[in-house]
Structure formats: C-alpha cells, structure tokens
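A.B. asks:
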Amino acid sequence: LLLFLVVVGIFGNLTTEGQLQLRIRPDCRWLPFVILGFGALLLGLTLAYLGESAFQGRYSAAVFPSIALLITGGIRKLPTTFSRTGTLALVVLLSSVGAVRNTREDRTQAGQVGAAIAQEVANGDHIVICPDQIGPSLRRVLGDREVTFHAFPEGAGVLIDWVDYEQRNRAADPKEFLDPILANAQGKTIRFATSFAYRTFEGKCEALEGLLTAAR
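In my numbering, the protein residues as written are 1021 to 1236.
#1: When DSSP labels each residue in this structure, what does V1148 get in the three-state scheme?
#2: Grouping DSSP H, G and I as helix and E and B as strand, with all else coil, what is N1189?
#3: Using a threshold of 8 Å, state whether the C-beta atoms of L1228 and P1194 are closer than that.
#4: Assess, as a yes-or-no matter, whether the region 1024–1038 is touched by the region 1082–1093 under the definition of 3 or more beta carbon pairs within less than 8 Å.
#5: Do G1032 and K1097 have their C-beta atoms closer together than 8 Å?
#6: At which residues does the beta strand (DSSP E) containing R1211 begin and terminate?
#7: Closer than 7 Å by C-beta to W1050: which residues in its own chain qualify, once you throw out the five before and the five after it? Chain order, please.
#8: With a threshold of 16 other CB atoms inside 10 Å of the CB of L1021, please say whether the residue is buried or exposed.
#9: Start and end of the beta strand (DSSP E) containing N1033?
#10: Just mark D1152 as buried or exposed, buried being the case when its beta carbon has 16 or more other beta carbons within 10 Å.
#11: What three-state label does DSSP hand A1205 in the structure shown?
#12: For T1100, name the three-state secondary structure that DSSP assigns.
#13: Tell me which same chain residues have a C-beta within less than 6 Å of the C-beta of F1261, skipping the five on either side of it?
#14: Less than 8 Å between the C-beta atoms of L1239 and S1080, yes or no?
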C-alpha cells in the first residue's frame, strides 16, 4: 500500500475530470524528496557494502521523512474525499500495528540474562562481560545490586570507549584481563555474560570462556 502511494505521489496526476492518471514523466515537485530520500539510502547501502558492514532495516530511517511526504502526496492525488480519507485511515491503522511491535520488541537479551542472574546472584559476586558492548544494557537490568562488573577488554560496562576500539580489542589479552579478577574473587561466584557474534573480538570471548571454565 505504501509503495503504491509513493508511485502515485511521484507519477500520479489528478485530471480536471477528477480521474487519477499515472504518467511516465514524474511530478517535478516531488523529485527533491525522491533524490534526497532514496539518494541517502543508496549512499548508505553503498558505503555499508564497501565497508563490509552489517545492516538492519532500522538503519534506513534516514529515508523516512521523504517517504512520508511522498505517501502524503499520493493520498492527496486520490480522486475522491472518501478514497483519501479511507486510505489515510488504513495507513494509520496498519502502521500502528508495526509501531506497537517496534515499541514492545526487545533488540537485546539483556532482560533474559539479567533475570537469570538476579535469581541466584549474591552480594559480592563478580560478573564478567564480553564484549563490553553488552555491558550497559545488562547493568540497567540488574540495577543497584552489590556486585562487581568487569567488561572485556576494559572497564566495568558503564560506557564504551570507541577511540581506537578495534586496535585495543585485538591487542587485549584474555588471560591478563582475567588473572586479577580470579585473584579478587576468592570465595565468590563469577558469572559470565557473553556473545560470540561481535566484530573485532574474534576468538577473544571464546578464549575468556575457556579460561574461566578451567579456573572454576
């Protein structure tokens, strides 16, 4: 439905007789929005491809204002008040379904991990996090519990230092990171929260898991 309205907005023409026509020649009033919106999307996709970057649908949000204006133009070109009102109501209704899903759907498993830890964690326990990127969301879930967080390669998972991030991650030594934690955690439980899917950490979190398993 939205794509149809975009096409109508770009190529549609409402005649003096009140009929909708689709023409090969686009409506020049909307071309700046087409160029701005789809140009931004094309540029982003090209750079992501050249940089071998990951892509999620939400990364294309830059195109949304232009798409919204083109959809509005398409609705305005529908021939009758009933068709315009009905189409607008249908767009709002269907979009609301997607909006509810987006606001309720978690993009992190921090809630599940935090709930599992919270069931058994005791004051003074240690939580090792690898990579550090999953630290902030996990800390928010666990709140103010009296536990000590250690985020690999450095820090406590509060903030992420992105300066020279790849270089520091590749240079970090899991054993050097873990040794002082083991020394300070005598008599306390160590919990390990990890994901092996993050770039610039290839093999590091797995190595950390192996060292923890051997030590404990």
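Cβ atoms here follow ideal geometry from the backbone N, Cα and C, with glycine treated the same way.
C.D. replies: Well, looking at it:
#1: In the structure shown, V1148 sits in a strand (DSSP, three-state: E or B).
#2: Helix, per DSSP.
#3: At the C-beta level, L1228 and P1194 come within 8 Å of one another.
#4: Result yes; three or more Cβ-Cβ pairs closer than 8 Å.
#5: Yes, the Cβ-Cβ distance between G1032 and K1097 is below 8 Å.
#6: Per DSSP, R1211 belongs to the beta strand (DSSP E) from 1210–1214.
#7: Closer than 7 Å at the Cβ level, and outside the excluded window around W1050, lie G1029, I1030, L1090, G1093.
#8: Taking every protein chain shown into account, the CB of L1021 has fewer than 16 other CB atoms within 10 angstroms, so this residue is exposed.
#9: If you look at N1033, you'll find it in the beta strand (DSSP E) that goes 1032–1034.
#10: D1152 comes out buried.
#11: Under the three-state reduction of DSSP, A1205 is assigned to coil, being neither helix nor strand.
#12: Of the three classes helix, strand and coil, the one that applies to T1100 here is coil, per DSSP.
#13: Only positions 1021 to 1236 of the chain appear in the structure, and residue 1261 is not among them; the question remains open.
#14: No information on residue 1239 is available, as it lies outside the stretch 1021 to 1236 that the chain covers here.
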